[in-house]
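Residue 44 in numbering that gives the first Met the number 0 is what sits at position 45 of the sequence shown, and the numbering runs on without skipping anything. From the three backbone atoms N, C-alpha and C, an ideal C-beta is built for every residue, glycine too. If you're wondering where the values come from, they're calculated on a predicted model, not measured in any experiment. This report refers to the structure that appears directly beneath it.
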Amino acid sequence: MPAIYPFSAIVGQDDMKRALLIAAVDPTVGGVLVFGDRGTGKSTAVRSLAALLPSMKVVVGCPYGCDPAAPSPACPSCNPPGRGAGKARAADRRAAPKSAQVAVPVIDLPLGATEDRVVGALDIERALSQGERAFQPGLLAQANRGFLYIDEVNLLEDHIVDLLLDVAASGENVVEREGLSVRHPARFVLVGSGNPEEGELRPQLLDRFGLSVDVRTPEALDLRLQVVRRRDLFDRDPAGFTASWKRKDAAVRRQIVGARDALAAVEVPDGVLEKAARLCLSLGTDGLRGELTLMRAARALAALEGRAEASDGDLRAVAPMVLSHRLRRNPLDDARPTTRVERALEELLPA
Numbered sequence: 000m001p002a003i004y005p006f007s008a009i010v011g012q013d014d015m016k017r018a019l020l021i022a023a024v025d026p027t028v029g030g031v032l033v034f035g036d037r038g039t040g041k042s043t044a045v046r047s048l049a050a051l052l053p054s055m056k057v058v059v060g061c062p063y064g065c066d067p068a069a070p071s072p073a074c075p076s077c078n079p080p081g082r083g084a085g086k087a088r089a090a091d092r093r094a095a096p097k098s099a100q101v102a103v104p105v106i107d108l109p110l111g112a113t114e115d116r117v118v119g120a121l122d123i124e125r126a127l128s129q130g131e132r133a134f135q136p137g138l139l140a141q142a143n144r145g146f147l148y149i150d151e152v153n154l155l156e157d158h159i160v161d162l163l164l165d166v167a168a169s170g171e172n173v174v175e176r177e178g179l180s181v182r183h184p185a186r187f188v189l190v191g192s193g194n195p196e197e198g199e200l201r202p203q204l205l206d207r208f209g210l211s212v213d214v215r216t217p218e219a220l221d222l223r224l225q226v227v228r229r230r231d232l233f234d235r236d237p238a239g240f241t242a243s244w245k246r247k248d249a250a251v252r253r254q255i256v257g258a259r260d261a262l263a264a265v266e267v268p269d270g271v272l273e274k275a276a277r278l279c280l281s282l283g284t285d286g287l288r289g290e291l292t293l294m295r296a297a298r299a300l301a302a303l304e305g306r307a308e309a310s311d312g313d314l315r316a317v318a319p320m321v322l323s324h325r326l327r328r329n330p331l332d333d334a335r336p337t338t339r340v341e342r343a344l345e346e347l348l349p350a
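This is the structure we're talking about:
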């Protein structure tokens, strides 16, 4: 297995790293969209984060990676048809499924992937060799409980976008084709990256991303040199370089684990919620997804920093990444979306 660049060794790109950490602590935030220049570490950051996350328990033999402590009710492998009547149901409850520890999956969804490859289809080989009609899980099944990464997400074909919208809304993938009727769990952190100069993202999919950040090529000479030196050290001695950052990556891992454990107990005061709603009103965002995501992201950030209560500072920190991609275009205002959010923050939450 090729070595993965350490998350802690990534130079700069603080907004991107913070957004990914928030999504790792609370997947209900809704995923991360990273737009910016090529070669700025977008895909590296996603894989680096997944590599340092604690391994997860899965049911042995389950193609959807269900949690043994709480298999998904929608899983056809852990809950096959016909199970659960009378004594058989009691026996099923007593028998704990075999489990194994595996790495958190990071699944790439390539632009040219067919619909069958994404959602799954009839297992042709099994049908021909054994005469059985069986389901062959697709990329959405492999990504369950992990990350689904789409590079150049703005170039994704429309029919694949529609599929992702349905699954992102329900957390389940439903396949009805070729005599198959399958429903299985598909909950994942959706991470998309792309270059805005190559095309815009459909508004329906754009709204599904909880957080959006822009990344730029570092302009400071010292930062550019630091990036090049670290990458060169990694390429020449991946094992040695990774070992030198092991302690810092372990600290980030403990931070994530602690934040996940504490998340449910972190309070978001009414005053912070009210300011979140006022901010969305002043910017004219559609629906209430902006407020919900602001609340969840502020709570996750407070948990990451070891605090029991979200603050105005948390709201100020997450607002640009939560709201900048939800703003309507204003033909009379040429300012970037993040600038508009920062203006509203200055009026509502002056530093």
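| field | Check: Pro-202 C-beta below 8 Å from any heavy atom of the ligand GDP | value | The ligand content of the structure shown is nil, which means the ligand GDP is not present either.
| Reduced DSSP category for Arg-252 - H, G, I as helix; E, B as strand; rest coil | Residue mapping note: residue 252 aligns to position 253 of the sequence shown, counting from 1. Residue state, collapsed to three classes: helix.
| Close Cβ partners of Val-118 (< 7 Å) along its chain, the five nearest in sequence each way excluded | Indexing the sequence shown from 1 puts residue 118 at position 119. So the qualifying residues of the chain are Gly-137, Leu-139, Leu-162, Asn-172 and Val-174.
| query | Is the Cβ-Cβ distance between Phe-146 and Val-101 less than 9 Å? | reply | Your numbering for residue 146 matches position 147 in the sequence shown. Your numbering for residue 101 matches position 102 in the sequence shown. No, the pair does not count as a contact, with Cβ atoms beyond the cut-off.
| query | For Pro-268, which residues from the same chain have a beta carbon less than 6 Å from its beta carbon, with the 5 sequence-adjacent residues on both sides left out? | reply | Along the sequence shown, read from residue 1 onward, the residue named residue 268 stands at position 269. Here the set comprises nothing.
| request: Would you mind reading off the limits of the alpha helix (DSSP H) that contains Ser-281? | output: Your numbering for residue 281 matches position 282 in the sequence shown. Element bounds for Ser-281: 269–282.
| message | Need the endpoints of the alpha helix (DSSP H) that Ile-21 sits in, please. | response | On the sequence shown, position 22 is the one that residue 21 refers to. Start and end: 13–24.
| field | Beta-carbon gap between Ala-185 and Tyr-63 smaller than 9 Å | value | As a working note, residue 185 is residue 186 in the sequence shown. As a working note, residue 63 is residue 64 in the sequence shown. In this structure, Tyr-63 lies closer than 9 Å to Ala-185 by Cβ.
| query | Looking only at its own chain, which residues have a Cβ that is under 6 Å from the Cβ of Val-340, when we skip the five neighbours before and after it? | reply | The residue you call residue 340 lines up with position 341 of the sequence shown. Once the five neighbours on either side are set aside, the close Cβ partners of Val-340 are Ala-318, Pro-319, Leu-322 and Ser-323.
| Does the stretch 256–266 come close enough to the stretch 296–314 that 3 or more CB-CB pairs lie under 8 Å? | yes
| query | Using DSSP with H/G/I as helix, E/B as strand and the rest coil, what is Ser-42? | reply | Taking the first residue of the sequence shown as 1, we reach residue 42 at position 43. Helix, per DSSP.
| query | Rounded to a whole number of angstroms, what is the C-alpha to C-alpha distance between Lys-245 and Ala-23? | reply | On the sequence shown, residue 245 is found 246 positions in, with the first residue counted as 1. On the sequence shown, residue 23 is found 24 positions in, with the first residue counted as 1. Approximately 19 Å between the Cα atoms of the pair.
| field | Length-filtered (4 minimum) alpha helix (DSSP H) runs lying within the stretch 146–192 | value | 157–169
| said: Check this for me: beta carbons of Arg-315 and Val-28, under 9 Å apart or not? | reply: Here residue 315 refers to the residue found at position 316 of the sequence shown. Here residue 28 refers to the residue found at position 29 of the sequence shown. Not closer than 9 Å, so no.
| message | Just to confirm the assignment, what range does the beta strand (DSSP E) spanning Asp-122 have? | response | Mapped onto the sequence shown, residue 122 falls at position 123. Careful: Asp-122 lies outside any beta strand (DSSP E) and carries neither H nor E.
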